[in-house]
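This report refers to the structure that appears directly beneath it.
In the working numbering, the protein residues as written are 148 to 259.
What follows is the structure, given as structure tokens:
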């Protein structure tokens, strides 16, 4: 459920909601602009890719927190959602690293 201030009239509540949506859009636009600047100023490298991934995760987390109202939920519910997500990301990263290592051992001629 959305948190509604009952002391506001419907018109005031609507104006408050619209202001909140524009604020969220502005923050997301700023993060996107930072990504855009990074894309054209920093040479291609693993560090640039990591920054892109982190900024994308920041935007995704902010969208979830604001539009799915997760920011207002109990901390344990947030941890119940975030902990498995972090574990799955770690698992994917570990499998990619392990797979690359095994591929390099089995096929050394094909590795750069």
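Cβ coordinates follow ideal geometry from the N, Cα and C atoms, glycine included.
Between the CA atoms of residue j and residue i - distance to the nearest angstrom
i, j, result
"residue 220", "residue 189", "38 Å"
"residue 200", "residue 206", "10 Å"
"residue 251", "residue 245", "10 Å"
"residue 182", "residue 191", "13 Å"
"residue 198", "residue 217", "24 Å"
"residue 254", "residue 247", "10 Å"
"residue 160", "residue 169", "14 Å"
"residue 241", "residue 235", "10 Å"
"residue 187", "residue 173", "21 Å"
"residue 213", "residue 167", "9 Å"
"residue 185", "residue 227", "33 Å"
"residue 154", "residue 232", "38 Å"
"residue 243", "residue 193", "15 Å"
"residue 237", "residue 256", "29 Å"
Three-state class that DSSP yields for residue i in the structure shown
i, result
"residue 231", "helix"
"residue 255", "coil"
"residue 155", "coil"
"residue 242", "helix"
"residue 221", "coil"
"residue 189", "coil"
"residue 170", "helix"
Residues near residue i by beta carbon distance below 7 Å, same chain, minus five either side
i, result
"residue 164", "none"
Contact belief for residue i with residue j at Cβ below 8 Å, rounded distance in angstroms
i, j, result
"residue 178", "residue 202", "6 Å"
"residue 112", "residue 175", "Any property of residue 112 remains undetermined from this structure, which presents the chain solely from 148 to 259."
Same chain, Cβ closer than 6 Å to residue i, neighbours up to 5 away in sequence not counted
i, result
"residue 258", "251"
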